[in-house]
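Protein chains: 2
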Amino acid sequence: MTEFDRIEQFFAPLAAPFGFALRDDAAALPTKPGHDLILSKDMLVEGVHFLKSAEPFSLAQKALRVNISDLIAKGAVPSFYMLGLATTPAQTDDWFRAFSNGLAADQKTYGLSLLGGDSVRAGTDPTANLVISVTVFGYVRTGQMVRRAGARPGDHVFVTGTLGDAAGWLATYQVGTSDPALQPAYDRPNPPVGAVDAIRRYARASADISDGLVADADHIARASGVHIDLYADQVPASKALVAAFPDVRQRLALMLSGGDDYQSLCTVAADKAAIFSQILDDHGVSATHIGQVSDGSGVTVFDQNSDIMQLDRSGFTHF
Amino acid sequence: MTEFDRIEQFFAPLAAPFGFALRDDAAALPTKPGHDLILSKDMLVEGVHFLKSAEPFSLAQKALRVNISDLIAKGAVPSFYMLGLATTPAQTDDWFRAFSNGLAADQKTYGLSLLGGDSVRAGTDPTANLVISVTVFGYVRTGQMVRRAGARPGDHVFVTGTLGDAAGWLATYQVGTSDPALQPAYDRPNPPVGAVDAIRRYARASADISDGLVADADHIARASGVHIDLYADQVPASKALVAAFPDVRQRLALMLSGGDDYQSLCTVAADKAAIFSQILDDHGVSATHIGQVSDGSGVTVFDQNSDIMQLDRSGFTHF
Numbered sequence: 337m338t339e340f341d342r343i344e345q346f347f348a349p350l351a352a353p354f355g356f357a358l359r360d361d362a363a364a365l366p367t368k369p370g371h372d373l374i375l376s377k378d379m380l381v382e383g384v385h386f387l388k389s390a391e392p393f394s395l396a397q398k399a400l401r402v403n404i405s406d407l408i409a410k411g412a413v414p415s416f417y418m419l420g421l422a423t424t425p426a427q428t429d430d431w432f433r434a435f436s437n438g439l440a441a442d443q444k445t446y447g448l449s450l451l452g453g454d455s456v457r458a459g460t461d462p463t464a465n466l467v468i469s470v471t472v473f474g475y476v477r478t479g480q481m482v483r484r485a486g487a488r489p490g491d492h493v494f495v496t497g498t499l500g501d502a503a504g505w506l507a508t509y510q511v512g513t514s515d516p517a518l519q520p521a522y523d524r525p526n527p528p529v530g531a532v533d534a535i536r537r538y539a540r541a542s543a544d545i546s547d548g549l550v551a552d553a554d555h556i557a558r559a560s561g562v563h564i565d566l567y568a569d570q571v572p573a574s575k576a577l578v579a580a581f582p583d584v585r586q587r588l589a590l591m592l593s594g595g596d597d598y599q600s601l602c603t604v605a606a607d608k609a610a611i612f613s614q615i616l617d618d619h620g621v622s623a624t625h626i627g628q629v630s631d632g633s634g635v636t637v638f639d640q641n642s643d644i645m646q647l648d649r650s651g652f653t654h655f
Numbered sequence: 337m338t339e340f341d342r343i344e345q346f347f348a349p350l351a352a353p354f355g356f357a358l359r360d361d362a363a364a365l366p367t368k369p370g371h372d373l374i375l376s377k378d379m380l381v382e383g384v385h386f387l388k389s390a391e392p393f394s395l396a397q398k399a400l401r402v403n404i405s406d407l408i409a410k411g412a413v414p415s416f417y418m419l420g421l422a423t424t425p426a427q428t429d430d431w432f433r434a435f436s437n438g439l440a441a442d443q444k445t446y447g448l449s450l451l452g453g454d455s456v457r458a459g460t461d462p463t464a465n466l467v468i469s470v471t472v473f474g475y476v477r478t479g480q481m482v483r484r485a486g487a488r489p490g491d492h493v494f495v496t497g498t499l500g501d502a503a504g505w506l507a508t509y510q511v512g513t514s515d516p517a518l519q520p521a522y523d524r525p526n527p528p529v530g531a532v533d534a535i536r537r538y539a540r541a542s543a544d545i546s547d548g549l550v551a552d553a554d555h556i557a558r559a560s561g562v563h564i565d566l567y568a569d570q571v572p573a574s575k576a577l578v579a580a581f582p583d584v585r586q587r588l589a590l591m592l593s594g595g596d597d598y599q600s601l602c603t604v605a606a607d608k609a610a611i612f613s614q615i616l617d618d619h620g621v622s623a624t625h626i627g628q629v630s631d632g633s634g635v636t637v638f639d640q641n642s643d644i645m646q647l648d649r650s651g652f653t654h655f
C-alpha cells in the first residue's frame, strides 16, 4: 500500500473537520474566542520509550496518552493532535491498521481528533528506530492554563493515582521476570482525565509526572521559586507494585524516581485542598496529599522515620 | 551539559512570549480574533532527508524552511513553531550551539519564534538516526487558507523560483562529484516568502513542491477534481543546473520529479495571472507560467515537441 493509500484508508477517518481529511498540506484551526490554545509535544522512540515488541494498538494509545497527560496537568481538555511517524519496514499495512485502530479508540475515550501530520522513513539501515512525534492541543479560557510556576508557600502537594507501576514493570522486564500485573501501566498509561476541571479551578501549579515524582516536583519548585517537602510514606502505591516489590526501599525508588507515571502533580491552596480532593474523588480519580510547599528552593523527601532521604541530581535514591 | 541546561542556554532565548521561556510543559497561544491558525508538520531524518555530515547551523534552517514552505504555499505567514529532536551522541554541546544559532538566524529572517517541544534520545544503538520534527503555525483571516482543492478549469499554473537544484545536487553527490554550485539548494532551501500575500490573495489552489513537481501537481489535481497540463519546456531551471546537467532529459527528470524544491505551485484564474506574477516580481520572487487547468483528472506533461511524456506513479520519468 502506498503512503497515500495508507493515509486515505487508516488516518483520514480520524481527521478533525479542520484537517481537510488529511488531503491538504495543512490544517486550519478556527479561532475560539476568549480562549488560549494550549500545546504540548512528547516524542516516543523505539528502544527508548517503548519496546520493539510493542503492540501497535496500545502503542498508539501510549503515544496519545503521554501527551494528553501534559494537557490534563495544565487544566486543558485535549481536543486535537498532530501525528508524526518515522517508520521502518516493520510497520506493515497490518501494523498501520492496528495503530490507527488504537488511535481511533482513544479519540473516542478522550474526545479528540487528528489535525494532520507527516509520515517519513526512519532510515535506510535495518536497525532504524520507529519514532512517534505527537503534538496535542486543547483550549482553556484566556489565562487559565495551570503553570509549573504558581505554587505558593502553604500549598498542599497532591498526586493523582498511584506511582511506580510503569518503572516497576520495566525493572522486572530487565531482570527477565516481566510482572504481568504491572505491564499495563507501562504499555498504556491512564492519565487522570477526570481531574482536568478540578486542576484548572483549584491547582496553583501543576505538571504531569513523566521524569519521576521528585524530578517533576523539582521542576515546579524551580519555576515557582519555592521549596517542596515530600513525605515518601504518603506516596500511593498500587497493590501490584507492593506485591512485586515488597522491599520498601526498592519500591520507593520506583515511586519517587521511576517516571513514566503520567499522573498529575498539583499544588493547591490549603483552604481548597478538601474540595479539590472531593471533586477528584467524585470523578473517580484518587488524589493523595503527599507534601507541602514552603519558602526556599529545592525538594526534600522525608522517609517513614521523618529522616531526609538522599537523592542525586537525576532524582534517583541511593541506599 | 544536562538537557535542562541545554534548553536554558540554547533554546530558551528563542522562545515566543507564549512559550514561558520553555520552562513549562506547555505553551499557551492566545486567540487571534477573526483568524484561523494554520498548522503543518514536516519531519527530517538523518540519512533520508539530510546527510550524516550536515552542518548543524544550516540543518536547523533546513528543518524550519521545509515547514515554512508549507505555510507560504497556504498563504499563511509563519509565526511560531514546535521543535522535536531525537538526538544521538553526535549531538554535542557544540552541535546544539550551532543548531540553535541556525534557528535564531532563521527566526530573524522569517519572523517566527519557538513555542516549545521535546528532546529525547534517538535510540540505544550507535547507528540511531537524528530525527527533527517541526510543526509550524501561522495565521490567516478566517477561511482564507489556500487549499490544494480550489483549482478550476481555465486557471493558469505557476511555479515560483527554479526547480531541480536540490535533486541535482543529490544526484551528483551520489556519483561522487558533488557539484558545489547546487549544494546550497539541498542544504538550505529558499522558500518564496515574498510570495505569501499574493498567494493568499490570488491563488485558487496551492501546495509546496516537496515530492516533485508532477507528484505535487497531481495532489492539486486530485483534491480539486481537475486535470492539469504541464509544459516541460516552460519549467524554469537555474544556470547551475543547466551547467551540471546539459542533457535535457536528465535535467527534466530532476526538475519534474526530483522533489525537495520547496517552491510554491499555484493555480491562478486567467484574469489574475498578470497581477499575480507582477506582485511576485515586485517582491523579488520569480513566477513562471508552466501549465493550464482543465476539466478531467490527472496530470499530463508535454515535452518541447508537444509530445506527451510518460511518467510512472511516483512521478519519475522514463526515457
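As they're listed, the protein sequences go chains A and B.
For this note's numbering, add 336 to where a residue sits in the first sequence, where the first one is 1.
For this note's numbering, add 336 to where a residue sits in the second sequence, where the first one is 1.
Cβ coordinates follow ideal geometry from the N, Cα and C atoms, glycine included.
Could you check how far apart the C-beta atoms of residue i and residue j are, in whole angstroms? I think they sit under 8 Å.
| i | j | result |
| --- | --- | --- |
| Val413/B | Val532/B | 6 Å |
| Leu518/A | Thr508/A | 7 Å |
| Leu407/A | Val470/A | Wrong, their Cβ atoms sit about 11 Å apart, outside the cutoff. |
| Phe494/A | Ile626/A | 7 Å |
| Met645/A | Ala573/A | Incorrect: roughly 16 Å between the Cβ atoms, too far for contact. |
| Gln397/B | Gly497/B | Actually they do not touch by this definition, with Cβ atoms about 17 Å apart. |
| Thr624/B | Gln570/B | 6 Å |
| Ala521/A | Leu590/A | About 11 Å; that fails the 8 Å criterion. |
| Val628/B | Asp565/B | According to the sequence shown, residue 628/B is Gln rather than Val. With a Cβ gap of about 5 Å, Gln628/B and Asp565/B count as contacting. |
| Val476/B | Ile545/B | At roughly 21 Å, the Cβ-Cβ gap does not stay under 8 Å, so Val476/B and Ile545/B are not in contact. |
| Val456/B | Met379/A | 5 Å |
| Gly453/B | Lys377/A | 5 Å |
I'd like to know if residue i contacts chain B, where contact means its C-beta is closer than 8 Å to some C-beta of that chain.
| i | result |
| --- | --- |
| Pro366/A | yes |
| Val657/A | Lying before the first or after the last residue shown, residue 657/A is absent from chain A, which here runs from 337 to 655. |
| Thr478/A | yes |
| Met481/A | yes |
| Ala409/A | yes |
| Asp406/A | yes |
| Phe612/A | no |
| Leu607/A | In the sequence as displayed, the identity of residue 607/A is Asp instead of Leu. Judged by the 8 Å Cβ criterion, Asp607/A is not in contact with chain B. |
| Arg484/A | yes |
| Ala507/A | no |
| Ala362/A | yes |
What are the partner residues of residue i, as DSSP defines its beta bridges?
| i | result |
| --- | --- |
| Ala363/A | Leu375/B |
| Ala310/A | The question about residue 310/A has no answer here: the residues shown for chain A are numbered 337 through 655. |
| Asp430/B | Answer is none; Asp430/B lacks a bridge partner. |
| Ala543/B | Leu601/B |
| Leu448/A | Answer is none; Leu448/A lacks a bridge partner. |
| Phe393/B | BP columns for Phe393/B are empty, so no partner. |
| Ile468/A | Leu380/A and Leu421/A |
| Phe473/A | Leu375/A and Phe416/A |
| Phe386/A | Glu382/A |
| Phe347/B | None, per the DSSP bridge assignment. |
When you compare the CB of residue i with every CB in chain A, is at least one pair closer than 8 Å?
| i | result |
| --- | --- |
| Arg359/B | yes |
| Phe356/B | yes |
| Phe655/B | Caution is warranted here: a pLDDT of 41 is assigned to Phe655/B, below 50, making its placement in the model unreliable, and the coordinate value is therefore given only provisionally. No, its Cβ sits nowhere closer than 8 Å to a Cβ of chain A. |
Contact list for the region 438-470 of chain B against chain A, Cβ threshold 7 Å: Leu451, Gly452, Gly453, Asp454, Val456, Arg457, Ala458, Gly459, Thr460, Asp461, Thr463, Ala464, Asn465, Val467 and Ser469
Against chain A: residues of the region 370-386 of chain B by CB proximity under 9 Å: Gly370, His371, Asp372, Leu373, Ile374, Leu375, Ser376, Lys377, Asp378, Met379, Leu380, Val381, Glu382, Gly383, Val384 and His385
Unbroken stretches of the beta strand (DSSP E), 3 residues or longer, contained in the region 557-645 of chain B: 563-567, 600-604, 623-630 and 634-638
Contained alpha helix (DSSP H) runs [length at least 4] in the region 496-523 of chain B, N- to C-terminal order: 501-510 and 519-523
Uninterrupted alpha helix (DSSP H) stretches inside the region 400-428 of chain A (no shorter than 4 residues): none
Residues of the region 533-552 of chain B with Cβ closer than 7 Å to any Cβ of chain A, in chain order: Ala543 and Asp544
Against chain B: residues of the region 416-430 of chain A by CB proximity under 7 Å: Met418, Gly420 and Ala422
Against chain B: residues of the region 554-565 of chain A by CB proximity under 9 Å: His555, Arg558 and Ala559
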